[in-house]
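Data block below; observations after.
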Amino acid sequence: MADADEGPLIPRQTKMAAYALGKLFLFSIAMFTLPFIAFFGVAHILTEYYPVDKFVVTVWSVIAAVVVVNFIICVYAYQAYHEKEYDEYGNEIDQHSYSDPPPLTTEKSNLNLKQD
Numbered sequence: 001m002a003d004a005d006e007g008p009l010i011p012r013q014t015k016m017a018a019y020a021l022g023k024l025f026l027f028s029i030a031m032f033t034l035p036f037i038a039f040f041g042v043a044h045i046l047t048e049y050y051p052v053d054k055f056v057v058t059v060w061s062v063i064a065a066v067v068v069v070n071f072i073i074c075v076y077a078y079q080a081y082h083e084k085e086y087d088e089y090g091n092e093i094d095q096h097s098y099s100d101p102p103p104l105t106t107e108k109s110n111l112n113l114k115q116d
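The sequence shown begins at 1 in UniProt numbering and counts up one residue at a time.
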């Protein structure tokens, strides 16, 4: 039996896959619910507090829902871009340990020189 300080015997890659699926599920729920809330919330506010035409209410409600969807997509992409990377053994890769390649220092004067 495992000691109390070891934790559950779940492989690290399985934990990472479960975390990724959980995040995808959370963003999927947000993509389904938040645009509806924005649409009907803006429609309610515009019809109750502002005397505007029904077409204007619909246009602003749709714009609000589209902005919410695009915001959710941007947040998901931002989190995915800044996610930690792991090698095939599950060890975290340090993103800042790679050095830049040396710059190419070929000068135009050296291009036509013949070396025998």
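Even for Gly, the Cβ is constructed at its ideal location relative to N, Cα and C.
Can you tell which of the options has the C-alpha that lies nearest to the C-alpha of residue i?
i	options	result
E85	A77, A38 and D94	D94
F39	K23, V56 and P51	V56
L34	V66, Y78 and I10	V66
V68	K23, A30 and E48	A30
If you draw a straight line from the C-alpha of residue i to the C-alpha of residue j, how long is it?
i	j	result
K54	I37	18 Å
L46	H82	38 Å
F71	A17	24 Å
R12	F32	30 Å
F25	V52	38 Å
A77	L9	31 Å
Excluding the five sequence neighbours on either side, which residues of its own chain have a C-beta within less than 7 Å of the C-beta of residue i, listed in chain order?
i	result
S61	F39, V42 and A43
Just to confirm my understanding: we take residue i, look at its own chain, exclude 5 residues before and 5 after, and list those with CB closer than 8 Å. What are they?
i	result
A20	none
T58	A43
Give me the DSSP bridge partner(s) of residue i.
i	result
E83	E83 is not bridged to any residue.
Short of 6 Å in beta carbon distance, which residues of its chain neighbour residue i, apart from the five on each side in sequence? Order them along the chain.
i	result
V75	none
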